[in-house]
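Trainee: Numbering-wise (the working numbering), the sequence shown opens with residue -3 and increments by one. From the three backbone atoms N, C-alpha and C, an ideal C-beta is built for every residue, glycine too.
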Amino acid sequence: QILSEGLGDWYDLGPQKPGAAQLTPPPVTATAFFYQDARLLSQIAAVLGHEDEAKDFASRAERIRASYNRHFFNADSGTYATNSQCANALPLVMGIVEPKDRDRVLAALVQDVEQRGYAMTAGDVGFRYLLQALAGGGRSDVIYRMINQDTRPGYGYMLKKGATSLTESWDANGTSSHNHFMLGHITEWFYKDLAGIDVDPAGPGFKRIVIRPQPVGDLRWVQASYESIHGLIAVRWERDEQRLVLRATIPANTTATVHVPLMRPDASVYEGDLPAEQSPGVKLLQRQSDVAIFAVESGSYVFEVR
């Protein structure tokens, strides 16, 4: 069940000139996508009503996952393969990691980024999953520091070296392309995590929407919009030391789950002039120490945390 061929994490940042993967063995990436493909084919077969094929692909996916963990997971360190950013991020995002090990793998990933002075080493394949693993683990704060530093290879480093478009390599070296979008995965984080616009898998095509912003660092406001097939989805959040305001527009004939970040556990949440749970079209689903989660109908809402 382990694939041996592939370019691996192309253009990762290792000790040699960038190109083929240096920090992550190609079987780690190739087999992870083998697992993802089998799982996706199972889901596609189920949608098409091919139940036997769905079961076969699901069984294949589980065999691949088990083999992957036997070959690459180090139970003593809680890391995968070479403990690279790519090697730990891929299985986290794809659901290969056993639930009991997820916290350890995420901690190892964060530790690697921090020990490198918030430099990214993952390449074209691994970087998207590095972002997704950190954001999915509630560590967008780490991403924010990664993309804002300019003393080590990364976006800020490219700018510091005079780049006016994305370069092919994190170190913006003189021999690689200086107009190359393959490391532009951060755009997804801007929309999906920083602004918080996402789709609910239970309502494909943005029939059901998730609004889940992640305020980080010293950012005071973020604004984004997306023209879905149902209409415009728009989000703006702004904050100061005393309050946070989240504005959300949900298009007609859709519903949304809105995650309102709380500045403190005892904060009050209003929508317009009313306590949020009393506002028309708004239903409180859950409240935790750092977030209040609401179900909303289509319309425009202004949530204020005081």
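Cα separation between His46 and Ser294?
Mentor: In a straight line, the C-alpha of His46 is about 35 Å away from that of Ser294.
Trainee: Less than 8 Å separating the beta-carbons of Ser80 and Leu19?
Mentor: Going by C-beta atoms, Ser80 is nearer than 8 Å to Leu19.
Trainee: Compare the Cα-Cα distances from Ser0 to each of Glu267, Ser38, Tyr125, Ala28 and report the closest residue.
Mentor: Ranking Glu267, Ser38, Tyr125, Ala28 by Cα distance to Ser0 puts Ala28 first.
Trainee: Need the endpoints of the beta strand (DSSP E) that His255 sits in, please.
Mentor: Segment 251 to 257, the beta strand (DSSP E) holding His255.
Trainee: Could you spell out the range, first to last residue, of the alpha helix (DSSP H) harbouring Tyr64?
Mentor: Run containing Tyr64: 47 to 68, per the alpha helix (DSSP H) assignment.
Trainee: Which class does Ala103 belong to by DSSP, given the choice of helix, strand or coil?
Mentor: Of the three classes helix, strand and coil, the one that applies to Ala103 here is helix, per DSSP.
Trainee: Restricting to Cα atoms, I'd like to know which of Pro14, Pro23, Pro11 is closest to Phe2.
Mentor: The question names Phe, yet the displayed sequence has Gly at residue 2. Comparing Cα positions, the closest option is Pro23.
Trainee: Report yes or no: do the stretch 247 to 254 and the stretch 199 to 207 share at least 3 C-beta pairs separated by less than 8 Å?
Mentor: Output reads yes: the stretch 199 to 207 touches the stretch 247 to 254.
Trainee: Where does Ile182 sit, in a helix, a strand or coil, going by DSSP?
Mentor: In this structure, Ile182 counts as helix in the three-state DSSP scheme.
Trainee: For a test of the three-state rule: what should DSSP assign to Ile143, helix, strand or coil?
Mentor: The answer is helix: DSSP assigns Ile143 an H, G or I state.
Trainee: Would Ala26 pass as an interface residue toward chain B - the criterion being a Cβ-Cβ separation below 8 Å?
Mentor: Absent from the structure is chain B; it holds one protein chain and no more.
Trainee: So for Glu234, helix, strand or coil by DSSP?
Mentor: Glu234: strand per DSSP, three-state reduction.
Trainee: Excluding sequence positions up to five away, which residues of its chain have a Cβ less than 7 Å from the Cβ of Ala85?
Mentor: So the qualifying residues of the chain are Leu105, Ala118, Gly122, Tyr125, Leu126, Ala129.
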